[in-house]
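> In the numbering used here, the protein residues as written are 935 to 1146. Glycine residues also receive a C-beta, built at the ideal position from the N, C-alpha and C atoms. No experiment lies behind these values; they were computed from the predicted model shown.
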């Protein structure tokens, strides 16, 4: 697992690596059932290291991304200029960006620094859930850190599939902000696209999104 000192890990940024091997199993509860990665323990180790390092205190927001996420930091900066997100920086609890109408998806998690401060003080008492994104959602709730609706700023295939399935089952129209065909073409000024698991498709998506 790696984490960088700067907003981009693409060009010559120093990285830190957790050299201790941490096995990840698949299965357990969660929307994906047996395909869910039981990766909470791994990410807790990383968060604890980041919190101990302390450099997060110098920033307003901290973004966690998966390797198969195409991250456009300049688009995220524009998103975070909106009044509701600026206001969250001035509260004790802070907040995190709700990147899907149905909750928090792990492809990218954007957390305010004051919410990270809450994590540093209370994460040890959070109820354990094997899947990291589900764990974080319930942990934030346990700590009193509110979700900040921002699903329109992200294009996550897993979230879109959930939306399609639920709307189809209910016979309801797709909600405003649905990514629709943007994922396949990497269109729109989204902060992130997920999941691009093939290196070639990841790179194509990045350059296409960057050129808009």
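1) Kindly indicate the opening and closing residues of the alpha helix (DSSP H) around residue 1047.
2) Are there three or more Cβ pairs, one per stretch, closer than 8 Å when the region 1053 to 1062 is compared with the region 994 to 1007?
3) Would you call the CB atoms of residue 1088 and residue 1124 closer than 9 Å?
4) Taking the alpha-carbon positions, what's the residue 990 to residue 1133 distance?
5) Which class does residue 1076 belong to by DSSP, given the choice of helix, strand or coil?
6) For the putative contact between residue 1031 and residue 1084, defined by C-beta atoms under 8 Å, what is the C-beta separation to the nearest angstrom?
7) Which of the three DSSP states is assigned to residue 1034 in this structure?
8) Once DSSP output is grouped into helix, strand and coil, what is the label at residue 1126?
If we stick to the structure as given:
1) 1047 to 1056
2) no
3) yes
4) 29 Å
5) helix
6) 4 Å
7) strand
8) strand
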